[in-house]
Amino acid sequence: MKYDFSKIEKKWRSAWEKERVYEPSFSESSVNTKVLTGRSEGKPFYNLMMFPYPSAEGLHIGGVRTFTGVDIYGRLKRMQGNDVFEPMGLDGFGIHSENYALKIGAHPMAQAKVSEKRFYKQLASIGNGFAWDEKLETYDPAYYQWTQWIFIQLWKKGLAYRKKQPVNWCPSCKTVLANEQVVDGKCERCNSVAEKRDLEQWFFKTTEYAERLLKNLDTLDWSEKIKIAQRNWIGKSEGVNIHSRVKDLDIKFEVFDSVPQTFMAQTFTVIAPEHPMIAELVKGTKFEKSVMHAVEVMKKKKSNGVYKEESDFDGIFTGRYVDNPFGTGDLPIWVASFVVMEYGTGIVHCSAHDERDFIFAKKFNIPLRPVMFPNDKALAEKVRNLEFAYCKDPEGIMDQPKEFSGRKWGEVRNDVIAFMERKGIAKRTVYFRLRDWLISRQRYWGPPIPMIFCEACAKEGRGERKEMRGWYAVPEEDLPVKLPNVKNFHPMGTGSSPLASIKTFYKTTCPNCQGEARRETDVSDTFLDSAWYFLRYPSVNTKNSKFEIPWNQEITQRWLPVHSYIGGAEHSVLHLLYSRFVTMALHDMKLLNFEEPFAKFRAHGLITKDGAKMSKSKGNVITPDEYFEKFGADVMRMYLAFMAPLDQGGDFREAGILGLERFLKRVWNLGQKVQSPKLKDQSNNLKSENLEMAVHKTIKKVAEDIENLHYNTAISALMILLNEFEKHPSSLTLSHWSVLVRLLAPFAPFMTEEIWRGALGSKTSIHIASWPEYDPEKIKDDTFTLVIQVNGKVRHTVEGVAVAISEEEVSALALSCERIRELLDGKTPQRMVYIRGRIVNIVI
RNA sequence: GCCCGGGUGGCGGAAUUGGUGUACGCAGCGGACUUAAAAUCCGUAGCCGGUAACACGGCUUGUGGGUUCGACUCCCACCCCGGGCACCA
């Protein structure tokens, strides 16, 4: 019988659905249906992959590879007796999907339905064991009412706030962007240069969790590079705040210094052009006009990204001084273009021991005073003569303060900080690079932020929070705040959302005074949708009679945190950080009993096409559909898995698919032969011993390789085993055959099911069959191939040497070989090195 | 500039973690079947030299050095590719 994949795929897809093979047991009642299908209730295993955003022309081949890759892992876990939950959904409520709709001239609400159909059809064809009953879409009001609910919880905890500040604005997307969405000063998505605009925006206080977000990383089983990326992004920096005061003015301020060892060298102070204090410094002085003008120029150049090179500085003296903070004299205050307003306090004391400070001082003729010198006398002289900036050398010898004279820079840090604290100069402080999460977007396609502003209450000083007068959360029973289906959804570019012109939407009553009030018209960032979807999946079908929380506590305690999460490294600092933040916050509200959402995370690699990156502009983007139609899901799954280890990416070459097609064809053909009576159960056949060992070795290897996501080597092992089977058909038993079919099941779910329930006669699915166990006794070799080296070069091998052989016997054996005797030419070996069971090296 | 990955045949990639470098597959070559092709099967295969053919010898894991009986693997220096961060004081 020829293998007709399209017929067989269809057949088993519907059988699996009917038998609910991939639906885990969330409740008692569903356990009963499981018993009927013969599937035992195992340990919960939440096998998660990042859900796609259906913005473009369907699922990308890279996405398919990841999804089938995750599924292979899940299928192993299921066969090993776990109750595997593998959900799928669509992250279609946001700017990606909206931009796509705009591009093709569709309404996002209508387009969502079209994309949805397209994606679900594709996703159904790749042979994954998705739990379709639990699918979700982030634009479904039944979902986003809870996204809004989470916003309200954060608001109530004081973790959501509104503030006017300079924010990143994308002129093309016509919306603000989170810091994380600005890459190289450009919009992450459309590459337009982001501008700075002063706008009032909603933020989440991610900074409040900076320390924990950082510390918890140590406890997570995640790809190391993702952890490093998060650590860098959080950017913890320990140092001191130096207490400072403007001379002749009663202005006090702090200056952050993370390298305080050389504080005595500080001879001037620089302030960021954006700093509001500048106006006070120069007010009414002869410097006012020129300084304020220079400030404007610098601000403009900065926001346009003009300053690129490290030495490209602008600066101007303010006429003011910092009042003698170290007893070494007053420090002139300069405005300097290189100072970052958003970091530390926006004001920095400068010294000869910093590259930038040094260049700046030279450029504007500001005096420098080094206080640390290299051991090398000639070099030290150069430092003294200010020939170069001598920075951060652990071996540098301190000169001042005199208490530390002679000690090494690398060893005095803590002592200097303690010294400064004792003297009252400074206080130990920590700063983070991480900023609060800018959550509001001036767009249409997203969950409306569920807040109401009441003018009347604001005027009279009322409000849910005293620092935000007039603001009230939408009462929970009124959720969802539904996104209206309106014609004009186009971004306005005015700094407010299209919803701001829809009176029927924004007009509402104040939850407090019942007077007329106005809804917030911004929507929330897409990343909020995806920051909690994994909490929703297992509880999608639990119908809460009352409006309580978005998940069932009992189910959540059983199924979370997520056991295995696999997705793209491009989300290292966006989705993965936001999810952690939201989970932590919910944990602190006692709504979750864990604070980290993903116990294990692995990043997958990227796929290239014939060695080149896939991109729309190159026109080499692979649409998976045609390949799945041509070769079938099993072949494609195997090819994508065989390309390279999952975390490494790989190169898509159509020719390579043939190898896997051939392999499965051979499996099928052998299966046809195994059915014939002469092959049936010959388990007593002595000749099958060697095959037996090969089978057990393969069981071990395949399970280990899948566990490590090294699918390529697992498949290679299966190929080798098939070769053995074909070479020794008379020794092949049904039980051997059954092992191969089961080991293959995670990769080729359809064909193996056909064989399992057909020729092998099972009544239940192979995907809930038990994973084969290997017998450690049976994989022990008692002989090996002895490799004989002379001076480290392989010269001879001897097959079938007993593992138990002693070192003396090996030496005798090796020296007795004719070939070795020739090479020795009568000489006596100086030395023999024998590595048990492997190799002997004769040194002459 | 700093921090991570990575560099192995014509190609994708293996290598028990210091012990036979190139498993498995693709492409190639030779052969069988066929009128022929496709499909399938068998064999072959790193490079250079050597031989009528074997035999055999030398070289080879980005480059150069080191440690070791033995290095793709460990150490030092450098080059290239991919990714992340970046006037963060």
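Each number in our numbering corresponds to the 1-based position in the first sequence with 35 added.
We treat Cβ as the ideally placed atom computed from N, Cα and C, and that holds for glycine.
(1) Quick one: using the 10 Å Cβ neighbour count with 16 as the cut-off for buried, is residue 188 buried or exposed?
(2) What does a CB cutoff of less than 8 Å around residue 545 pick up in its chain, not counting 5 residues either side in sequence?
(3) If I'm right that residue 87 touches residue 126 with Cβ under 8 Å, what's the distance once you round it to whole angstroms?
(4) When DSSP builds the beta bridges, which residues end up paired with residue 382?
(5) When the Cα of residue 374 is compared with those of 365, 384, 366, which residue comes out closest?
(6) Hey, would you say residue 460 sits closer than 8 Å to residue 360, going by beta carbons?
(7) Let me check understanding here. Comparing Cα to Cα, which of 597, 692, 706, 729 lies closest to residue 791?
(8) How is the beta strand (DSSP E) around residue 272 delimited, first residue to last?
(9) Distance check for residue 477 and residue 530, CA to CA, integer angstroms please.
(10) Any idea what DSSP makes of residue 771, helix, strand or coil?
(11) In angstroms with no decimal places, state the Cα-to-Cα distance between residue 603 and residue 675.
(12) Comparing C-alpha positions only, which one of 671, 523, 471 sits nearest to residue 268?
(13) Identify every run of the beta strand (DSSP E) within the segment 617-700, keeping only runs that are complete inside it and at least 3 residues long; order them along the chain.
(14) On the criterion of 16 or more Cβ atoms from any shown chain inside 10 Å, does residue 222 qualify as buried, or is it exposed?
(15) On a Cα-Cα basis, can you pick out the residue from 655, 601, 704, 320 that is closest to residue 686?
(16) Spatial neighbours of residue 241 within its chain, please: CB distance less than 7 Å, with the 5 preceding and 5 following residues excluded, ordered by chain position.
(17) So, are the CB atoms of residue 121 and residue 50 less than 8 Å apart?
(18) Pick out whichever of 823, 644, 805, 228 has its Cα sitting closest to the Cα of residue 870.
(19) Could you give the distance in angstroms between the alpha-carbon of residue 111 and the alpha-carbon of residue 826?
(20) Measure the alpha-carbon distance for residue 71 versus residue 54 and round it to whole angstroms.
(21) Quick one: what's got a C-beta closer than 6 Å to residue 209's C-beta in the same chain, skipping five residues either side?
(22) Looking at residue 105: is its Cβ nearer than 8 Å to the Cβ of residue 874?
(23) Using CA coordinates, which residue listed in 172, 139, 163, 138 is at the minimum distance from residue 152?
(24) Starting from the C-beta of residue 733, find all residues in its chain whose C-beta is less than 6 Å away, skip the five residues before and the five after it, and write them out in chain order.
(25) Taking residue 865 as part of the beta strand (DSSP E), name the residues at either end of that continuous run.
(26) Going by C-alpha to C-alpha distance, which of 157, 859, 136, 193 sits closest to residue 499?
(27) With the cut-off set at 8 Å, would you say residue 559 and residue 182 are in Cβ contact?
(28) According to DSSP, is residue 525 helix, strand or coil?
(29) Since I believe residue 634 is in contact with residue 256 (beta carbons under 8 Å), could you give me their beta-carbon distance rounded to a whole number of angstroms?
(30) So if DSSP puts residue 532 in a beta bridge, which residue, or which two residues, is it bridged to?
(31) Within a Cβ cutoff of 7 Å, which residues of the same chain sit near residue 537, ignoring the five residues on either side of it in sequence?
(32) Going by DSSP, name the residue or residues bridged to residue 567.
(33) Verify whether the separation of the beta carbon atoms of residue 818 and residue 833 is less than 8 Å.
(34) What would DSSP say about residue 158, mapped onto helix, strand or coil?
(35) Please classify residue 804: is it buried, with 16 or more other beta-carbons within 10 angstroms of its beta-carbon, or exposed?
(36) Between the segment 389-406 and the segment 308-318, do three or more beta carbon pairs fall short of 8 Å?
On the basis of the coordinates in this document:
(1) Sequence index remark: in the first sequence, residue 188 carries index 153 (1-based). Classification of residue 188: buried, given that the 10 Å Cβ count is 16 or more.
(2) The residue labelled residue 545 in the question sits at position 510 within the first sequence. Only 487, 489, 491, 492, 507, 551, 552 meet the Cβ criterion.
(3) Residue numbering aside, residue 87 sits at position 52 when the first sequence is read from its first letter. Residue numbering aside, residue 126 sits at position 91 when the first sequence is read from its first letter. 7 Å between Cβ atoms; contact.
(4) For the purposes of this step, residue 382 is taken as the residue at position 347 of the first sequence. Paired residues: 306.
(5) The count along the first sequence starts at 1 and reaches residue 374 at position 339. With distances taken between Cα atoms, residue 374 lies closest to 384.
(6) Here residue 460 refers to the residue found at position 425 when the first sequence is read from its first residue. Here residue 360 refers to the residue found at position 325 when the first sequence is read from its first residue. Cβ distance < 8 Å, so residue 460 and residue 360 count as in contact.
(7) Along the first sequence, read from residue 1 onward, the residue named residue 791 stands at position 756. Closest by alpha carbon: 706.
(8) Stepping through the first sequence from its first residue, residue 272 is reached at position 237. Per DSSP, residue 272 belongs to the beta strand (DSSP E) from 271-280.
(9) As a working note, residue 530 is residue 495 in the first sequence. As a working note, residue 477 is residue 442 in the first sequence. Rounded to whole angstroms, residue 530 to residue 477 spans 6 Å at the Cα level.
(10) For the purposes of this step, residue 771 is taken as residue 736 along the first sequence, with counting starting at 1. Note: residue 771 maps to helix in three-state DSSP.
(11) Residue numbering aside, residue 603 sits at position 568 when the first sequence is read from its first letter. Residue numbering aside, residue 675 sits at position 640 when the first sequence is read from its first letter. For residue 603 and residue 675, the distance between alpha carbons rounds to 16 Å.
(12) Here residue 268 refers to the residue found at position 233 of the first sequence. Minimum Cα distance to residue 268 is reached at 471.
(13) 635-639, 642-644, 685-687
(14) Taking the first residue of the first sequence as position 1, residue 222 is located at position 187. So residue 222 counts as buried.
(15) Counting from one through the first sequence, the residue named residue 686 turns up at place 651. If we check each option's Cα against that of residue 686, 655 comes out closest.
(16) One-based indexing of the first sequence puts residue 241 at position 206. Excluding residues within five positions, the ones whose Cβ falls inside 7 Å are 469, 471, 472, 616.
(17) On the first sequence, residue 121 is found 86 positions in, with the first residue counted as 1. On the first sequence, residue 50 is found 15 positions in, with the first residue counted as 1. Contact flag unset, no.
(18) Mapped onto the first sequence, residue 870 falls at position 835. Taking only the C-alpha atoms, the option nearest residue 870 is 823.
(19) In the first sequence, counting from the first residue as 1, residue 111 sits at position 76. In the first sequence, counting from the first residue as 1, residue 826 sits at position 791. Taking the straight line joining both Cα atoms gives about 46 Å.
(20) Counted from its first residue, the first sequence places residue 71 at position 36. Counted from its first residue, the first sequence places residue 54 at position 19. Because residue 71 sits at a pLDDT of 42, beneath the cut-off of 50, its placement in the model cannot be relied upon, and the following sentence gives the value as read from the coordinates. The alpha-carbon atoms of residue 71 and residue 54 are separated by roughly 8 Å.
(21) Residue 209 sits at position 174 when you count from the first residue of the first sequence. Taken in chain order, the residues that qualify are 526, 528.
(22) On the first sequence, residue 105 is found 70 positions in, with the first residue counted as 1. On the first sequence, residue 874 is found 839 positions in, with the first residue counted as 1. In this structure, residue 874 does not lie closer than 8 Å to residue 105 by Cβ.
(23) Position 117 of the first sequence, counted from the first residue, corresponds to residue 152. Checked all of 172, 139, 163, 138; the closest Cα to residue 152 is 172.
(24) Here residue 733 refers to the residue found at position 698 of the first sequence. If we look at residue 733 and ignore the five residues flanking it on each side, its Cβ neighbours are 752, 756.
(25) The residue you call residue 865 lines up with position 830 of the first sequence. Segment: none, residue 865 is in no beta strand (DSSP E) and carries neither H nor E.
(26) Position 464 of the first sequence, counted from the first residue, corresponds to residue 499. The shortest Cα separation from residue 499 among 157, 859, 136, 193 belongs to 193.
(27) Against the first sequence, residue 559 aligns to sequence position 524. Against the first sequence, residue 182 aligns to sequence position 147. Contact: yes.
(28) For this step, residue 525 is matched to residue 490 along the first sequence. Coil, per DSSP.
(29) Indexing the first sequence from 1 puts residue 256 at position 221. Indexing the first sequence from 1 puts residue 634 at position 599. That belief holds up - the Cβ atoms of residue 256 and residue 634 are roughly 6 Å apart, short of 8 Å.
(30) As a first step, residue 532 must be located in the first sequence, where it is residue number 497. DSSP lists no partner for residue 532.
(31) To locate residue 537, count along the first sequence from 1; it is residue 502. Around residue 537: 519, 521.
(32) Here residue 567 is taken as the residue at index 532 of the first sequence, counted from 1. According to DSSP, which records beta bridges pairwise, residue 567 is partnered with nothing at all.
(33) Here residue 818 refers to the residue found at position 783 of the first sequence. Here residue 833 refers to the residue found at position 798 of the first sequence. No. Outside cutoff.
(34) For the purposes of this step, residue 158 is identified with residue 123 of the first sequence, where counting begins at 1. Residue state, collapsed to three classes: helix.
(35) As a position in the first sequence, residue 804 is number 769, starting the count at 1. The residue in question, residue 804, is buried, as its Cβ has 16 or more Cβ neighbours within 10 Å.
(36) no
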